[in-house]
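Written out below as structure tokens is the structure these notes cover.
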Amino acid sequence: MAWSPLLLTLIALCTGSWAQSVTQPASVSGTLGQTVTISCSGSSSNIGNSYSDVGWYQQIPGTAPKTLIYESNKRASGVPDRFSGSKSGNTATLTITGVQAEDEADYYCATWDKSLSSTVFGGGTHLTIAGGPTSTPSVSLFPPSSEELSANKATVVCLISDFSPSDLTVSWKVNGAATTQGVQTTKPSKQSNGKYAASSYLSLTPSQWKSSSSVSCQVTHQGKT
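Quick note, the sequence shown lines up with residues -19 to -1, 1 to 206 if you use mature numbering (1 follows the signal peptide of the UniProt record, and there is no 0).
Structure below.
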């Protein structure tokens, strides 16, 4: 079965049983110029079914997803020949030969499941590329605005920008004690300069904010904090 561009919009919507029918590794890492493979494992009702083809999609953070491979092994128009797809038994594989820095992205597989009578998507694999330029993140911390406090809310915002590669972790401390409650961190998105940006938010009550002697956002990137 061929994959239409309409399927791209479904990637962001795949939840529940759809995402569980075929599985992908959450993350894969590679080095510039290396050959990288990403697997998509299913069953005889989807990938292993001879009538079910597999599609592969790439989503660079902050951009719309695009089709790489359709009908298991055919490259979409304009896709570099370093990308190839294959299928054997219940497993499909995306291979990137001579991976490049711009290939750092999220990759999704999709196929038809005859038992569910629907298209199923993998949960996505984040590919991180090492060996490229490294850039230390710039971190800015912003307190709640007076308007927000007046509305009985208190959100502390941590803006992280100009970092590369895209993997990092964010942790928060209130009065020197680590906290995970009320924390939301966005996935990194690519900036126009090729580096990445992300945001992290800590939601407090106004009384918590006013009684806190210190609130800090700690960013760890490439093993450095």
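Positions of the beta carbon are idealized from the N, C-alpha and C atoms, including for glycine. Note that the structure is a prediction, hence the values are computed from the model and not measured.
* To do: Return the CA-CA distance between Val200 and Pro124, expressed in angstroms with no decimal places.
  => 17 Å
- What is the DSSP secondary structure of Ser2, counted as helix, strand or coil? helix
field: Integer Cβ distance of residue 217 from Asn133, believed to fall under 8 Å
entry: Outside the shown range of the chain (-19 to 206) lies residue 217, about which nothing can therefore be said.
Exercise. May I have the straight-line CA-CA distance separating Leu149 from Pro61, to the nearest angstrom?
Key: 28 Å
Please state whether DSSP places Leu97 in a helix, a strand or coil. coil
**OP:** Return the residue from the list Ser145, Ser188, Val164, Lys68 that minimises the CA-CA distance to Gly36.
**Re:** Lys68
Checklist entry - If you follow the beta strand (DSSP E) that Ser20 is part of, which residue opens it and which one closes it? => result 17 to 22
Going by DSSP in three states, Ala57 sits in which element: helix, strand or coil? coil
Over what stretch of residues does the beta strand (DSSP E) that includes Thr185 continue unbroken?
Note that residue 185 is Leu in the sequence shown, not Thr. Its beta strand (DSSP E) spans residues 177 to 185.
| message | Given this structure, state the Cα-to-Cα distance separating Asp143 from Ser152, to the nearest angstrom. | response | 18 Å
_8 Å Cβ cutoff met for Ile141 and Gly11_ = no
Q.
With three or more C-beta pairs closer than 8 Å as the rule, is the stretch 22 to 34 touching the stretch 66 to 82?
A. yes
**Request:** Kindly list the residues whose CB is nearer than 7 Å to the CB of Trp93, restricted to its own chain and excluding five residues on each side of it in sequence; keep chain order.
**Result:** Met(-19), Asn27, Ser33, Thr100
- Gln40 in three-state terms, based on DSSP: strand
- [ ] For the alpha helix (DSSP H) holding Leu130, just list the boundary residues, first then last.
- [x] 127 to 131
- Message: According to DSSP, is Gln189 part of a helix, a strand, or is it coil?
- Response: helix
- Query: To the nearest whole angstrom, what separates the beta carbons of Ser116 and Ser145, a pair I think is in contact under 8 Å?
  - Reply: 4 Å
* Cβ atoms of Gln5 and Gly105: under 8 Å apart, would you say? -> yes
key: Through-space distance from Val3 to Gly79, alpha-carbon basis   = 27 Å
If we ignore side chains and look at the alpha-carbon of each, how far apart do Thr76 and Leu13 end up?
-> 14 Å
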